[in-house]
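Inspection log for the structure reproduced underneath, given as structure tokens.
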Amino acid sequence: MITDTLDRTHTTTPAAIRTALLAGDEIAIIDVREEHEFAQGHPLFAAQIPLRRIDDEARWRIPRIATPIVVYDNGEGLAERAAVRLLALGFTDVSELEGGLAGWRDAGFELFEDVNSYSKAFGELVEHRNHTPSLPAEEVQALIREKADIAILDARRTDEYNTMSIPTGTSVPGAELVLRARAIAPDPDTTIIVNCAGRTRSIIGTQSLVNAGIPNKVYALRNGTIGWTLAGQDLETGQTRIAPEVDNAGVEEARGNARAVSYRAGVKRIGFAELEHLKADTGRTLYLYDVRQPKAYEAGHIPGFRNAQGGQLVQETDHYAPVRGARIVVADDLGPRADMTASWLAQLGWDVSILDADWTQVTLATGSDGAPSPRGPEGRYKRPYEGTDNKAAAMQAYLDWEYGLVDQLARDGTHGFYVI
Numbered sequence: 026m027i028t029d030t031l032d033r034t035h036t037t038t039p040a041a042i043r044t045a046l047l048a049g050d051e052i053a054i055i056d057v058r059e060e061h062e063f064a065q066g067h068p069l070f071a072a073q074i075p076l077r078r079i080d081d082e083a084r085w086r087i088p089r090i091a092t093p094i095v096v097y098d099n100g101e102g103l104a105e106r107a108a109v110r111l112l113a114l115g116f117t118d119v120s121e122l123e124g125g126l127a128g129w130r131d132a133g134f135e136l137f138e139d140v141n142s143y144s145k146a147f148g149e150l151v152e153h154r155n156h157t158p159s160l161p162a163e164e165v166q167a168l169i170r171e172k173a174d175i176a177i178l179d180a181r182r183t184d185e186y187n188t189m190s191i192p193t194g195t196s197v198p199g200a201e202l203v204l205r206a207r208a209i210a211p212d213p214d215t216t217i218i219v220n221c222a223g224r225t226r227s228i229i230g231t232q233s234l235v236n237a238g239i240p241n242k243v244y245a246l247r248n249g250t251i252g253w254t255l256a257g258q259d260l261e262t263g264q265t266r267i268a269p270e271v272d273n274a275g276v277e278e279a280r281g282n283a284r285a286v287s288y289r290a291g292v293k294r295i296g297f298a299e300l301e302h303l304k305a306d307t308g309r310t311l312y313l314y315d316v317r318q319p320k321a322y323e324a325g326h327i328p329g330f331r332n333a334q335g336g337q338l339v340q341e342t343d344h345y346a347p348v349r350g351a352r353i354v355v356a357d358d359l360g361p362r363a364d365m366t367a368s369w370l371a372q373l374g375w376d377v378s379i380l381d382a383d384w385t386q387v388t389l390a391t392g393s394d395g396a397p398s399p400r401g402p403e404g405r406y407k408r409p410y411e412g413t414d415n416k417a418a419a420m421q422a423y424l425d426w427e428y429g430l431v432d433q434l435a436r437d438g439t440h441g442f443y444v445i
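Reading the sequence shown from the start, the letters are residues 26 to 445 in the working numbering.
Rendered as structure tokens:
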């Protein structure tokens, strides 16, 4: 049986993959090594599913069995075994990258380091094109000491904020910023500073508020908690400050502002009838994501929609949607989180729509979405921006890498990103 399965595999050249990316065809480029090895170098739009996790993750992350899948390793002999497993799971178009990772490099194509690389590269492009305003850590520290009229908003997941945060900061995960910033800083004279651990989510968060036309001055904390630590400044730990709930007037204001942004980005709005039409198209992969926070999702969501916090969906798009060229539909019961998330996904080159429909028309589901169990520590890449025990040299090297991503995008030439 294994021999028959192997007979159904073939190889795909690096040039053919590049053609598919440029043409906007669906393709899933899957690195089957462990995450640490993946982070040392991979094609821009590669996603990572280690061989040992294929049975757990593949059908969840690549929901259409006819999706063209290309697997590769770096000569370890993993790709062939991965192809066998994918075929056994029912996938019908599985190939190996000709020559593996070395074949990609030898073809003259770019290799990107780290994880979530194309989202991070996009963040750098946004700052480069829009000149997103930022302040260095030392200046922000001085403002805190002076008790200046500022509000520090942490755009990471709440659990990351709990681990370590900028003093006086409040947890406002990225997609919540446009909805909740005015509740935290109702006075337009209050300066808002958005931070994350490194650069991407603070850039995207700051630019989200700028794009939405918030009247306050808004800045990113330059280089996030990494920059803060490299400046020799102390972080807080165990903080639990969260954004307040937003009243009806605040929701309406945020909804109008966010909708204007998604319109500028060319995002489509669909109802339940159009959603069913997209679901019926078996020739395209369709990802459905509810972009609210997990507790809100678990309390009631539209059946079939998975949960991905909007900021994380933009930050970790390769994880949530590894099939480049797929369609994405996002949902949010209030609206602003879906609009802002979709605006960024569109700029990232995705065919994205917002479900703009009355949720009372359907019976909502409750509980989790059934996502695969989290990965353990085996083979994990230690990010230089998480936790509190990172070495200064590693943090600085990470920042230097991010600074070079705009030039690397230009050399690669397949991204299809634009910036409004």
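Glycine included, C-beta positions come from ideal geometry on N, C-alpha and C.
Apart from sequence neighbours up to five positions away, the residues of its chain that approach glutamate 299 with a beta-carbon distance below 8 angstroms are Ser378, ordered along the chain. Per DSSP, arginine 154 lies in no beta strand (DSSP E) segment; the continuous alpha helix (DSSP H) that holds it begins and ends at 142-155.
Around the beta carbon of glycine 335, a 10 Å sphere encloses 16 or more other beta carbons of the protein chains shown; the residue is thus reported as buried.
If you look at alanine 176, you'll find it in the beta strand (DSSP E) that goes 175-179. Per DSSP, lysine 320 lies in no beta strand (DSSP E) segment; the continuous alpha helix (DSSP H) that holds it begins and ends at 319-324. Of the candidates Phe147, Gly100, Thr92, Ala64, Phe147 places its Cα closest to the Cα of phenylalanine 442. Between the region 151-166 and the region 87-101 there are fewer than three inter-stretch CB-CB distances shorter than 8 angstroms, so the stretches are not counted as touching. Less than 8 angstroms divides the Cβ of histidine 67 from the Cβ of leucine 136.
Distance from the Cα of proline 328 is smallest, within the candidate group Gly350, Pro347, Ala173, Lys304, for Lys304.
In the DSSP secondary-structure assignment, arginine 331 is bridged to Tyr314. For lysine 407, no alpha helix (DSSP H) encloses it, and the DSSP letter there is neither H nor E.
The alpha carbon of leucine 255 has as its nearest neighbour, out of Gln65, Ile42, Pro409, the alpha carbon of Pro409. Scanning its chain for C-beta atoms nearer than 7 angstroms, with the 5 sequence neighbours on each side dropped, one finds around isoleucine 90 the residues Gly115, Phe116, Thr117, in chain order.
Excluding sequence positions up to five before and after alanine 367, its CB lies within less than 6 angstroms of the CB of Ser287, Val292, Val355, Val377, Ile379, all in the same chain and listed in chain order. Between the region 75-92 and the region 40-47 there are fewer than three inter-stretch CB-CB distances shorter than 8 angstroms, so the stretches are not counted as touching. Counting along the chain, the unbroken alpha helix (DSSP H) around threonine 183 starts and ends at 183-188. In this model, glutamate 201 and proline 361 are separated by some 8 angstroms (Cα to Cα). Residues of the same chain with a CB within less than 7 angstroms of the CB of glycine 124, apart from the 5 flanking positions on each side, are Asp131 in chain order. For phenylalanine 137, the pairing in a beta bridge is given by DSSP as His67. In the structure shown, valine 339 falls within a helical segment according to DSSP collapsed to helix, strand and coil. Leucine 424 and alanine 48 have their C-alpha atoms roughly 32 angstroms apart.
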